[in-house]
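Asks: Chains as they are written, first to last, in our numbering: chain A, 1 to 93; chain B, 1 to 280.
Where is the CB? At the ideal position from N, CA and C, for every residue including glycine.
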Amino acid sequence: MTTRAKLSGIQRQALALYRGFLRTARLKSPEERHRIESVVSAEFRENARNVDRRNFVYIEYLVRRGKRQLEQLKNPDITGLSTLEINKVSSIP
Amino acid sequence: MAAAALLRRSQTAARALLSPAPLSSRLVASKPHSSSPAPPPPSASTKTFSIYRWDPDSPSTKPHLKDYKVDLSDCGPMVLDALLKIKNEQDPSLTFRRSCREGICGSCAMNIDGDNGLACLTKISSESKGASTISPLPHMFVVKDLVVDMTNFYNQYKSVEPWLKRKDPPSPEGKEIPQTKADRAKLDGMYECILCACCSTSCPSYWWNPEEYLGPAALLHANRWIQDSRDQYTKERLDSINDEFKLYRCHTIKNCTHACPKGLNPAKQIDTIKKLQLGA
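1) Enumerate in chain order the residues of its own chain whose CB-to-CB distance from residue 187 (chain B) is below 7 Å, with the five nearest sequence positions on each side excluded.
2) In chain order, what residues of the same chain lie with their CB nearer than 6 Å to the CB of residue 274 (chain B), ignoring the 5 residues before and after it?
3) Take residue 192 (chain B) as the anchor and find which of B:130, B:105, B:124 has the nearest alpha-carbon.
4) Could you tell me the alpha carbon to alpha carbon distance between residue 154 (chain B) and residue 160 (chain B), rounded to whole angstroms?
5) Out of B:178, B:121, B:67, state which residue places its alpha-carbon closest to the alpha-carbon of residue 99 (chain B).
6) Can you round the beta-carbon distance between residue 36 (chain A) and residue 81 (chain A) to whole angstroms, since I take them to be within the 8 Å contact cut?
7) Given 8 Å as the limit, is there contact between the stretch 261 to 271 of chain B and the stretch 238 to 253 of chain B, that is, 3 or more CB pairs closer than that?
8) Would you tell me roughly how many angstroms separate the C-alpha atoms of residue 170 (chain B) and residue 185 (chain B), rounded to the nearest one?
9) Could you tell me which chain A residues have their CB closer than 9 Å to the CB of residue 141 (chain B), listed as they occur along the chain?
10) Provide the residue(s) that pair with residue 53 (chain B) in DSSP beta bridges, ordered along the chain.
11) Just to make sure I have the definition right: I need the residues of chain B whose C-beta is within less than 9 Å of the C-beta of residue 68 (chain A). Which are they?
12) Please list the partners that residue 136 (chain B) has in chain A, where partner means a Cβ-to-Cβ separation under 9 Å.
13) Please confirm if residue 75 (chain A) has its CB atom under 9 Å from at least one CB of chain B.
14) Applying the criterion that 16 or more other CB atoms from any shown protein chain within 10 Å of the CB defines a buried residue, is residue 58 (chain B) buried or exposed?
15) Closer than 7 Å by beta-carbon distance: list the chain A residues that pair up with residue 59 (chain B), in chain order.
16) Can you check whether the C-beta of residue 63 (chain B) is within less than 9 Å of a C-beta belonging to chain A?
17) Which whole-angstrom value is the C-beta distance of residue 213 (chain B) and residue 245 (chain B), which I expect to be below 8 Å?
18) Answer with yes or no whether the minimum CB distance from residue 56 (chain B) to chain A is below 9 Å.
19) On the CB-based measure, 16 or more other CB atoms within 10 Å of its CB, does residue 215 (chain B) come out buried or exposed?
20) State whether the stretch 49 to 64 of chain B contacts the stretch 27 to 47 of chain A, with contact taken as three or more CB pairs (one from each stretch) at a distance under 8 Å.
21) On the DSSP bridge assignment, give the partners of residue 110 (chain B) in chain order.
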């Protein structure tokens, strides 16, 4: 194993959130588990690529939003997770 | 183009005045019917609002204050009227919570010129010099513009168990639990709380310990159930908040009473709880 640089607190929070999502996905039905895993991993990978690692305000906002979504997903009555693509049209001059 | 139209109109108006014209034509408003709307008359009552803006969808922009000018002669008296006017006419992306517009729902709680309050109950201050600063409730995580994350606040309210708890079995006929008028009067000043969070977010002690300290709103509600004569779990309620952090982070700063838009006194209720803790 190559020695990795020590992870900062905020990096650990993001990874813990990702782990939380994957663990919660395990408790749902198999096809739903696969869908949750693909949606969550796609969003995390996209944000990891696009978001500037120094933009703490935005990263904390995303972590908070993810935590809230995870709390909702943990509820046993919730069966799954789906996403919607909105094409943002900027109308403000 | 508009100027020429105005000139022609004045000639016809002069001719109309000379001949006895019917009353209705003289009362017709003489607005120029040009395609471009007439610019608003520069009235003396224009107020500038500096509003806190942050958009999570454009993460690279930092939070900033944006200025908006509002003609007060065409606007309602309250800050919420100004916000809606700005949203309708100038910037539809301005985001804020609002519902009842009469100060009973608590949705529009925000910081106006340094003081927490409800936008629908706060009058626009009439001195035109100097902008009015509108920002979200202090020391709360911002979701967008003036909308804050209230989940911690609501969880603290839930932790107080704000419902009637009795040890006696319920009456079989479903009859109400009797309470004297004097006992019901004890709840006045606490039941009116609308959970707007103005008090809790004005408390510096709550700013420094938002997770552990319950805050004036939750403690006011805790006292509302402690004081309720029908509730039989008084001792358990007192014991559950008899904590170094949950209750005793209150240092009687009294910002809560100053901020409350409904005129309640959370500091007094917290004082009552502390006195009861000494006795219990």
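Replies: So, from the listed chains and residues:
1) 224, 227, 228
2) none
3) B:105
4) 10 Å
5) B:121
6) 5 Å
7) yes
8) 24 Å
9) 60, 61, 64
10) B:64
11) 149, 151
12) What residue 136 (chain B) touches in chain A: nothing, since even the nearest Cβ is about 13 Å away.
13) no
14) exposed
15) 51, 55, 58
16) yes
17) 6 Å
18) yes
19) buried
20) no
21) B:117
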